[in-house]
Amino acid sequence: MTDPVSQPLAALRQVWHAAFGSKRVAYLSGPITTGRRFIDWWRRDGHALSPGSEEFNAALQAEVIGPNEEQLKRSAELLRSRHSEPVVEPASLFVSHWSQQDYLELWEHFITDHASRILLMDGWEFSAGCATEFCRAHLDGVPTARIDGTPLVARDGIAAIRRALAEVEALDAVPTYLAEILRATAQRLEDTLPTIVFVPGGGMPRKDASLDRLAELINVAQFVSYEPAGGKPKQAFSRVLGEVPNRDFSSVREAAEALLARSADRSVNVRSFTPESPLSREFIYGLKTTDAVVSAVARLTAEGLNTIINETVDIHDGGVSGVILGNLIEFAPDDTPRAVEKPGTASLPLGWGSRLLATVYGFEPDLAVPENTRLEFSIHPKPRGWRHTHTLGWEIAEHEGLGLPPTIQWPNQFSRMIGDKVFGLLVADHIGLPVPRTTVINRRVAPFVFGQPTGSAEIWLRTAPIEQMPGKFTTTRGWSDPFRIMASEDPEQEAIASMIGQASVIPLHSGASIVLRTGEIATEGVAGPGDAFMQGTAKAERLPSNVLDDVHRLHAAAAAELGPVRLEWVHDGERAWVVQMHRGATVSAAGVLVPGTARHWTRFEVAQGLEMLRKLLATLEPGEGVELVGEVGLTSHIADVMRKANIPARMCPPEATNT
Numbered sequence: 010m011t012d013p014v015s016q017p018l019a020a021l022r023q024v025w026h027a028a029f030g031s032k033r034v035a036y037l038s039g040p041i042t043t044g045r046r047f048i049d050w051w052r053r054d055g056h057a058l059s060p061g062s063e064e065f066n067a068a069l070q071a072e073v074i075g076p077n078e079e080q081l082k083r084s085a086e087l088l089r090s091r092h093s094e095p096v097v098e099p100a101s102l103f104v105s106h107w108s109q110q111d112y113l114e115l116w117e118h119f120i121t122d123h124a125s126r127i128l129l130m131d132g133w134e135f136s137a138g139c140a141t142e143f144c145r146a147h148l149d150g151v152p153t154a155r156i157d158g159t160p161l162v163a164r165d166g167i168a169a170i171r172r173a174l175a176e177v178e179a180l181d182a183v184p185t186y187l188a189e190i191l192r193a194t195a196q197r198l199e200d201t202l203p204t205i206v207f208v209p210g211g212g213m214p215r216k217d218a219s220l221d222r223l224a225e226l227i228n229v230a231q232f233v234s235y236e237p238a239g240g241k242p243k244q245a246f247s248r249v250l251g252e253v254p255n256r257d258f259s260s261v262r263e264a265a266e267a268l269l270a271r272s273a274d275r276s277v278n279v280r281s282f283t284p285e286s287p288l289s290r291e292f293i294y295g296l297k298t299t300d301a302v303v304s305a306v307a308r309l310t311a312e313g314l315n316t317i318i319n320e321t322v323d324i325h326d327g328g329v330s331g332v333i334l335g336n337l338i339e340f341a342p343d344d345t346p347r348a349v350e351k352p353g354t355a356s357l358p359l360g361w362g363s364r365l366l367a368t369v370y371g372f373e374p375d376l377a378v379p380e381n382t383r384l385e386f387s388i389h390p391k392p393r394g395w396r397h398t399h400t401l402g403w404e405i406a407e408h409e410g411l412g413l414p415p416t417i418q419w420p421n422q423f424s425r426m427i428g429d430k431v432f433g434l435l436v437a438d439h440i441g442l443p444v445p446r447t448t449v450i451n452r453r454v455a456p457f458v459f460g461q462p463t464g465s466a467e468i469w470l471r472t473a474p475i476e477q478m479p480g481k482f483t484t485t486r487g488w489s490d491p492f493r494i495m496a497s498e499d500p501e502q503e504a505i506a507s508m509i510g511q512a513s514v515i516p517l518h519s520g521a522s523i524v525l526r527t528g529e530i531a532t533e534g535v536a537g538p539g540d541a542f543m544q545g546t547a548k549a550e551r552l553p554s555n556v557l558d559d560v561h562r563l564h565a566a567a568a569a570e571l572g573p574v575r576l577e578w579v580h581d582g583e584r585a586w587v588v589q590m591h592r593g594a595t596v597s598a599a600g601v602l603v604p605g606t607a608r609h610w611t612r613f614e615v616a617q618g619l620e621m622l623r624k625l626l627a628t629l630e631p632g633e634g635v636e637l638v639g640e641v642g643l644t645s646h647i648a649d650v651m652r653k654a655n656i657p658a659r660m661c662p663p664e665a666t667n668t
């Protein structure tokens with residue numbers, strides 16, 4: 010670079026070091042001078058103008074650079090509002106007399122020094138700058154993802170750049186600079202790729218060969234495999250922590266000693282199989298001595314079986330196992346990846362689903378695999394595997410043309426582990442709804458934090474039951490002993506999954522919003538705190554139009570991502586905050602909480618409260634219904650309890666009891 014450029018470059022790098030230190034932040038990469046807008050403009054008008062002329066530069070600024078910069082800035086602001094991490098974008102920086110090459114050099118330095126991950130705007134593959142930044146990130150080992158959070162690996166990035174290059178080269182007048190950058194970047198990336206990264210469709214490789222190939226792409230559980238040769242075990246493959254790939258151990262005993270010493274739980278399994286079958290034969294779990302391992306391998310080898318010694322992985326460690334299929338991720342705790350074949354699996358879009366897991370576990374799961382593949386994986390609080398990371402791959406196969414949508418619903422097995430309320434708030438936070446900053450103290454995973462600051466230093470302490478239990482457990486304004494609450498209100502440790510400390514919101518208005526049986530959205534609330542209203546001891550009040558408008562916008566944003574939802578909200582005068590969210594419409598309508606007929610209606614005074622209602626419901630016989638006497642909100646916890654019990658329930662205003 011020339012001297013007039015090197016001075017601001019050095020100064021900017023010093024400012025970044027002063028601001029970020031060793032902390033890494035997200036970098037949003039998007040087209041500025043090129044990209045899809047440039048291609049469209051070039052095809053229409055740009056090719057006829059003289060590059061570098063005043064007319065060319067003015068048109069480029071108006072048609073390409075200006076709109077690209079505005080879109081990049083807006084996208085960065087949206088990301089900042091949705092996530093707590095800082096997001097840096099290049100559009101806001103302007104240095105007089107700098108060329109595009111000068112900017113590229115600067116941002117490559119930023120990626121190397123400060124980027125935790127790169128998020129790529131749509132159409133990035135048509136941008137010289139984005140392609141260069143993608144390449145730099147890959148060479149430096151910085152994770153890359155689309156703007157929705159879906160991981161983007163080098164192989165898929167190359168394919169996207171190659172497709173863009175083909176379109177650029179097909180133009181009547183080729184923009185040479187852009188074509189050269191795309192071509193050089195694709196080639197530079199291709200030179201770094203392993204020759205095999207997943208099992209081709211239709212093949213049936215041996216289990217150990219498949220694991221060895223998968224280990225080139227992702228962390229796998231440590232293993233050493235053997236095949237029978239003259240009745241004795243002959244080593245085939247190995248992936249062991251601290252050893253080169255496929256290191257040849259001198260004996261089964263040496264291999265067993267290495268695996269036992271380096272596995273997280275000091276335990277290994279021995280699996281047997283035949284090369285022609287994908288199914289395991291005998292499986293021996295949890296061996297803890299070298300002699301036991303050597304004996305098992307010798308016996309199975311004598312039977313003509315191949316064997317794999319692999320580190321034992323505890324599926325009950327608070328982690329999850331599941332499957333990635335295209336842009337879908339499904340997972341559950343306390344199970345193997347076969348969990349996806351059972352009911353109760355969490356099903357989410359891969360983009361924000363993987364970010365949700367990162368929020369809970371405190372690390373980015375290593376789930377970057379090629380598109381159109383099916384990956385079986387597991388995530389663990391303790392590092393494991395031959396790379397000693399928190400993510401393990403178990404099996405990968407090619408699947409073309411996938412477009413399966415997730416079935417986003419809860420309760421599920423994962424929501425039961427962290428708490429129904431916690432899961433709903435996590436989903437709300439990751440789809441961009443305003444959720445107060447929340448600290449979760451869970452029984453099985455380390456504490457984690459998500460949400461946005463509310464401007465208040467006061468903390469509300471709430472419980473998060475395994476499944477929704479409206480109004481049953483303690484909520485305190487201000488901090489209380491969470492362990493005392495859990496011990497006194499859930500002594501059997503069966504109901505409360507987590508305690509949550511939530512930044513308070515000044516409650517100018519509070520309430521709830523649900524979808525009725527008719528599809529209509531019902532929003533109810535009161536001025537001030539909403540506790541009495543939700544408990545059914547205060548009736549709904551007329552809400553200001555600005556509050557209703559804000560809540561309806563909140564509800565519409567949630568419904569656009571999830572379908573029908575039920576929200577509890579607090580409005581601080583400036584915005585509505587989500588303090589609880591559940592998915593699904595209700596069966597309620599005006600005057601009828603739960604439709605149905607009953608041979609006998611038992612009257613219940615709502616002033617008696619939720620606990621008395623729960624006791625009444627426990628005594629009812631089949632065919633009986635409840636007539637609620639008093640003012641009951643359709644969105645209150647009284648209504649929630651009746652809907653959850655699924656017992657016919659209708660409302661009877663107080664004046665009707667005297668007729």
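Residue numbers (this note's numbering): 10 to 668.
The beta carbon of each residue, even a glycine, is placed where N, CA and C say it ideally should be.
C-alpha gap between residue i and residue j, whole angstroms
i	j	result
F246	F47	50 Å
V556	G534	10 Å
R452	A100	44 Å
V303	V261	6 Å
T345	S387	8 Å
R425	E94	27 Å
E79	A506	44 Å
I74	V332	41 Å
P352	T448	29 Å
R383	R347	13 Å
V24	E98	15 Å
E407	R171	20 Å
E636	R623	14 Å
V306	T316	7 Å
Helix, strand or coil at residue i [DSSP, three-state]
i	result
T666	Because T666 carries a pLDDT of 44, less than 50, the predicted location of this residue cannot be relied on, and the following value inherits that uncertainty. Looking at T666 - three-state DSSP - the assignment turns out to be helix.
G295	strand
R652	helix
W586	strand
Q16	helix
I41	coil
F29	helix
S363	helix
M130	coil
V24	helix
W2	The shown model of the chain, from 10 to 668, leaves out residue 2, and the question about it has no answer.
G211	Here G211 scores only 47 on pLDDT, less than 50, and its place in the model should not be relied on; the value that follows carries that caveat. If DSSP states are grouped into helix, strand and coil, G211 belongs with coil.
T310	helix
L357	strand
H325	coil
V233	strand
I205	With a pLDDT of 44 at I205, under the threshold of 50, the modelled position of this residue cannot be trusted; read the value that follows with caution. In this structure, I205 counts as coil in the three-state DSSP scheme.
T194	helix
R347	helix
T368	helix
N- and C-terminal bounds of the beta strand (DSSP E) containing residue i
i	result
V3	Any question about residue 3 goes unanswered here, given that the chain covers just 10 to 668.
A35	V34 to S38
K624	Unbroken run through K624 is the alpha helix (DSSP H), L619 to T628; no beta strand (DSSP E).
V261	Unbroken run through V261 is the alpha helix (DSSP H), V261 to R271; no beta strand (DSSP E).
M242	Inspection of the sequence shows that residue 242 is occupied by Pro rather than by Met. That run of the beta strand (DSSP E) goes K241 to R248.
I505	I505 to A512
Start-to-end residues for the alpha helix (DSSP H) that takes in residue i
i	result
P76	G75 to R91
N278	Run containing N278: none in the alpha helix (DSSP H); it sits in the beta strand (DSSP E), V277 to F282.
R222	K216 to L223
G138	A137 to D149
F65	E63 to L69
L58	Here L58 belongs to no alpha helix (DSSP H), and DSSP marks it neither H nor E.
V177	A163 to E178
Please go through the segment 520-572 and give each complete alpha helix (DSSP H) segment of 4 or more residues, from N-terminal end onward. Here the runs fully enclosed are 540-544 and 554-571.
Which ranges would you report for the beta strand (DSSP E) in the segment 407-492 if only whole runs of at least 3 residues count? Under the rule that a run must span 3 or more residues, the beta strand (DSSP E) segments found entirely inside the segment 407-492 read 447-451, 457-459 and 468-474.
Could you say if the segment 259-270 and the segment 350-359 meet the contact criterion of at least three C-beta pairs nearer than 8 Å? The answer is no - the segment 350-359 does not touch the segment 259-270, with fewer than three Cβ pairs under 8 Å.
At which residue ranges does the segment 96-127 contain complete beta strand (DSSP E) runs of 3 or more residues, listed in the order of the chain? If one requires a minimum length of 3 residues, no beta strand (DSSP E) run lies completely within the segment 96-127.
For the segment 577-585 against the segment 511-525, are there 3 or more C-beta pairs whose distance is under 8 Å? Yes, since at least three Cβ pairs between the segment 577-585 and the segment 511-525 fall closer than 8 Å, the two stretches touch.
Is there contact between the segment 497-513 and the segment 466-481, where contact requires at least three CB pairs shorter than 8 Å? Contact between the segment 497-513 and the segment 466-481 is present, because at least three Cβ pairs lie under 8 Å.
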